[in-house]
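Numbering (the working numbering), first residue to last: 4 to 183.
Where a beta carbon is used, it is the ideal one built from N, C-alpha and C, also for glycine.
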Ligand SMILES: CC(C)(COP(=O)(O)OP(=O)(O)OC[C@H]1O[C@@H](n2cnc3c(N)ncnc32)[C@H](O)[C@@H]1OP(=O)(O)O)[C@@H](O)C(=O)NCCC(=O)NCCS
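Written out as structure tokens, the structure is:
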């Protein structure tokens with residue numbers, strides 16, 4: 004049931020021909036930094052306000068075969084970046100953490116939904132059983148997107164952040180890949 008529901012979401016809501024979702028290559032380093040920094044500049048969606056890797060550092064990061072970085076490219080611009088970082092140890096190799104950032108002008112066009120679906124399918128193929136993420140409680144659009152895709156609530160860290168002078172909870176969510 005769950006399997007069919009997810010595939011339906013994926014197939015019905017294909018993004019248009021102006022966007023390509025693909026695995027990142029080292030040459031995307033500059034575009035990825037630009038995309039991440041532009042979302043960080045908004046200061047309300049991501050914990051960090053500065054992307055810490057240099058272009059060379061990002062170039063190296065992209066060579067790590069164990070992790071996945073997807074980009075959404077639109078006319079040569081990197082419009083969105085998704086990362087999946089797998090647990091490094093024997094005890095947590097079965098889990099991964101997902102992060103996603105789409106530039107402001109490209110949001111609400113199904114890019115996020117499609118990128119996450121691709122990432123979940125990749126994770127399942129790699130033998131990853133759980134894909135975790137953390138999201139600010141005020142980020143209702145992101146939470147809506149994750150819920151629609153089948154992510155479950157796992158917990159809440161109360162008052163974990165202060166954003167624009169107000170306490171914000173950290174919402175922990177997970178997707179079990181056996182539901183795909
Ligand atoms: C959250 C994010 C990844 C969602 O990706 P997206 O491409 O914008 O979202 P989609 O177009 O796939 O929309 C998915 C669903 O989210 C909801 N949604 C997304 N943006 C919305 C908006 N601006 N207004 C209302 N609903 C919205 C809708 O429910 C939509 O589903 P529906 O149209 O089928 O009802 C993207 O907006 C983003 O990167 N935001 C800024 C950074 C961020 O928040 N990162 C995540 C941190 S945990």
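Through-space distance from residue j to residue i, alpha-carbon basis
i, j, result
"residue 162", "residue 176", "17 Å"
"residue 135", "residue 98", "7 Å"
"residue 137", "residue 62", "25 Å"
"residue 91", "residue 59", "22 Å"
"residue 158", "residue 174", "6 Å"
"residue 29", "residue 171", "35 Å"
"residue 128", "residue 181", "11 Å"
DSSP three-state assignment for residue i, whether helix, strand or coil
i, result
"residue 91", "coil"
"residue 100", "strand"
"residue 129", "coil"
"residue 33", "helix"
"residue 79", "coil"
"residue 110", "coil"
"residue 142", "coil"
"residue 26", "strand"
"residue 166", "strand"
"residue 183", "coil"
"residue 85", "strand"
"residue 119", "helix"
Buried or exposed (CB count within 10 angstroms, at least 16 for buried), residue i
i, result
"residue 117", "buried"
"residue 131", "buried"
"residue 150", "exposed"
Of the residues the options, the one placed nearest residue i, counting alpha carbons only
i, options, result
"residue 112", "141, 95, 148 and 96", "148"
"residue 100", "77, 71 and 81", "71"
"residue 49", "80, 139 and 170", "139"
"residue 22", "42, 74 and 60", "74"
"residue 64", "154, 120, 107 and 32", "32"
"residue 107", "41, 66, 80 and 171", "41"
"residue 69", "55, 85, 46 and 89", "89"
Bridge-paired residues (DSSP) for residue i
i, result
"residue 155", "177"
8 Å Cβ cutoff, residue i in contact with chain B
i, result
"residue 168", "Looking for chain B here will not work: only one protein chain is present."
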